[in-house]
Structure formats: structure tokens, C-alpha cells
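Residue numbers (full-length UniProt numbering): 1 to 335. C-beta atoms are modelled at their ideal positions from N, C-alpha and C, and glycine is treated no differently. Keep in mind it's a predicted model, so treat the numbers as computed, not measured.
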């Protein structure tokens, strides 16, 4: 599977670079690219790191990949962004934990002529759930653009799948990883708004936030189940929330399938939960592709001055026990 992931990411990103006239000459110097992620507590970020390092190897760039210990550590991430700027790199990739907090530092990076390309979650207006890619580009003080999943569309698909699982009626709950960063907002709103728009007989309980921590998420899910005996479904917006919900089901000794559960991302724990029947399915992103395409966009900019797209849609799929071995699904799953 790892070989397939590598080939898929490499082919896609090389098309991105070469297709814009940014093929790398072997005589070019090794570029210094700093990647500041949202954390290291989930396998998702390890997969993004793998993709960025694969791109570095293929495109002659040294990748330094960092992130705070958890996605609640905004101040720690800002320190890492400051350190990245101070190292005077050729370029920076940045995934924003807080849409507003890094704006002054990103402006500082631009003043120092350091290209910045965002990945997974953008900085910008925190009221704008889509983070408005139109505001990114060469004239932006934030970044040249972003490589990410369309979180609104992905979570709308999760809502459709949940509605089908519970027969179009009943009570469901969303355990989200953040009410601040872009991915948390997009996934929450994508699911909730789709339910309101299409499924009038489904009640969505008030969203609660587990900060991507599986222990906190488990406690929240257990409390919601205790207070809502008619609960039919749970949607978790990231890996930590999904595993927290699985742990809650186990602790409460719920019969498999009594409460439907859809997660986000993959990783061994979610994949195994789907195989066992504790989870019904999940939305998977392409984390290796996110890392690879971010580095490829920066390499193209630094080497040839090629302006990357302000939004690279890295795609998503819904997977369950029936399609785990489908080649196009298997290619974007990670352990």
C-alpha cells in the first residue's frame, strides 16, 4: 500500500510541477523548505510528513517538518512559525491552528520575501468557513494559496451517508475537533447544514468540541448518549474524535450498530473499528498528496517563479467495510 501511495502522490505532484513549466534541474541547489503542521498526535500528520518528504527527495529540497504536541497548542505553533521565518528558508508550508493568530507572522514572512503556501487549514477571516481562497495569491499578506480537502463537501457527503444509515429520521450528534480552525468549521458546517437542508426528520444536537483528544471526546460522547436515549448517530470530524467515540461505545458496551458512527481520516484504529463493525465508515483525505503537493507548489514558485493555484483540491472518499480494498480507496488510506 505504501508503494501505491508513493506512486500516486509522485505522479500527481510531478504533473503539477512539470505542467506549470517548473521541472527541477539536477544542478539546482537543494532548497530549504520549512513545514509547520497542526500537530503530531494523529497518524494523519505523519502521513502529510511522509508526502512532503517524498516531494523533497524527488524535487531536491530539504524538508523540516514540525508541529505542536496537540492541536490546542496555538502558542507553540506560533513559536514554530517564528522559528521557521527566523531560519531564513527558501519557502514555508503552514497549516493554521487558528485563522487569525498567525496573520502578523505571515505578513512578516512576506516582507522577508519568503513564499508561504498553506496546507490543510488556512489563516484568514475566522468568520469565513471556507477561508475564501480568492483572498490568497501573490498580492496576499497571508499566503500564495492552499492545498486542502474541500471539508464542506466532504462532510456533506458524511451527512448523506448518515441519513441513509438511520433511515432518514432520528437524532444525531457531531463531536468536532475545533470551533476555531478552518477544518473544524468546514466539517461541522458541512454536516450540519446538509442535514438542515435535506433531512427535515433528522435532529442534530448542539455540536460539542473534543479538541481532537480521544479521551476528552470519549467523555463527551458518553455524556451525550446518557442524556439522549434516542441517539441514532455520531459524526466525528477528525481521527481523535472518532477514536474517542469508539472508546465510548466500548466502555458503554453498546451493541454494534445500535448507534451509527462515521469518522474522518483513516489510521489503523479507525480502519480496524470499521472492519469490526464498531464504526460504519469514514471520510478519508489524501494526506500524502497534501504534503507532496504543498512542497511541489513551493518548489515551482522558488525555482521558476511559477505562481501556484490559490486552491489545490486534494480530494476525498467515503469508505466502509465493503470498499476498503478498492484500489483508489486503498491508495489514500494510511495506517
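Integer Cβ distance of residue i from residue j, believed to fall under 8 Å
i: residue 220; j: residue 175; result: 6 Å
i: residue 242; j: residue 279; result: 7 Å
i: residue 290; j: residue 119; result: 5 Å
i: residue 59; j: residue 296; result: 6 Å
i: residue 52; j: residue 292; result: 7 Å
i: residue 268; j: residue 247; result: Not confirmed; about 15 Å, so no contact.
7 Å CB neighbourhood of residue i in its chain, flanking five on each side removed
i: residue 114; result: 85, 89, 91, 92
i: residue 184; result: 176, 177, 178, 237
i: residue 106; result: 116, 123, 141, 142, 143
i: residue 201; result: 168, 169
i: residue 101; result: 74, 78
i: residue 275; result: 321
Residue i (DSSP reduced to helix, strand or coil)
i: residue 180; result: coil
i: residue 270; result: helix
i: residue 204; result: strand
i: residue 312; result: strand
i: residue 166; result: coil
i: residue 48; result: helix
i: residue 259; result: coil
i: residue 56; result: helix
i: residue 335; result: coil
i: residue 73; result: coil
i: residue 195; result: helix
i: residue 345; result: Because the chain here runs from 1 to 335, residue 345 falls outside it and cannot be looked at.
i: residue 7; result: In this predicted model, residue 7 has a pLDDT of only 43, less than 50, meaning its place in the structure is not dependable; the value taken from the coordinates is given anyway. DSSP places residue 7 in helix when its eight states are reduced to three.
Extent of the continuous alpha helix (DSSP H) run through residue i
i: residue 317; result: No alpha helix (DSSP H) holds residue 317; the beta strand (DSSP E) holding it covers 317–319.
i: residue 304; result: 287–304
i: residue 62; result: From DSSP, residue 62 is part of no alpha helix (DSSP H) but of the beta strand (DSSP E) over 61–66.
i: residue 328; result: 327–330
Neighbourhood of residue i by C-beta, 8 Å cutoff - its chain only, sequence neighbours within 5 removed
i: residue 70; result: 39, 41, 211, 212, 213
i: residue 73; result: 39, 97
i: residue 316; result: 149, 150, 153, 154, 157, 283, 284, 285, 286
i: residue 133; result: 122, 145, 146, 310, 311
i: residue 62; result: 30, 31, 32, 33, 56
Interface flag, residue i vs chain D, CB-CB below 8 Å
i: residue 265; result: Here there is only one protein chain, and chain D is not present.
Spatial neighbours of residue i in its chain, beta-carbon cut-off 6 Å, leaving aside the 5 residues before and after
i: residue 77; result: 68, 97
i: residue 180; result: 98
i: residue 277; result: 256
i: residue 307; result: 138
i: residue 3; result: For residue 3, the predicted model reports a pLDDT of 42, less than 50, meaning its position is unreliable; a value from the coordinates is still stated below. Counting only Cβ-Cβ distances below 6 Å, and skipping sequence neighbours, we find nothing.
i: residue 329; result: 317, 319, 323
Residue range of the unbroken beta strand (DSSP E) whose run includes residue i
i: residue 232; result: 231–236
i: residue 253; result: Note, residue 253: premise wrong, no beta strand (DSSP E); not H, not E.
i: residue 216; result: Taken as a continuous stretch (DSSP letters only), residue 216 belongs to no beta strand (DSSP E), being part of the alpha helix (DSSP H) at 214–227.
i: residue 41; result: Where residue 41 is concerned, there is no enclosing beta strand (DSSP E), given that its DSSP letter is neither H nor E.
Contact test: residue i Cβ vs the ligand MN heavy atom, cutoff 7 Å
i: residue 40; result: Looking at this structure, you won't find the ligand MN or any other ligand, since it has none at all.
Review point. In chain order, which beta strand (DSSP E) runs of at least 3 residues are fully inside the stretch 78–160?
Key: Every beta strand (DSSP E) of 3 residues or more that sits fully in the stretch 78–160 is shown, in chain order, as 91–94, 116–119, 146–148.
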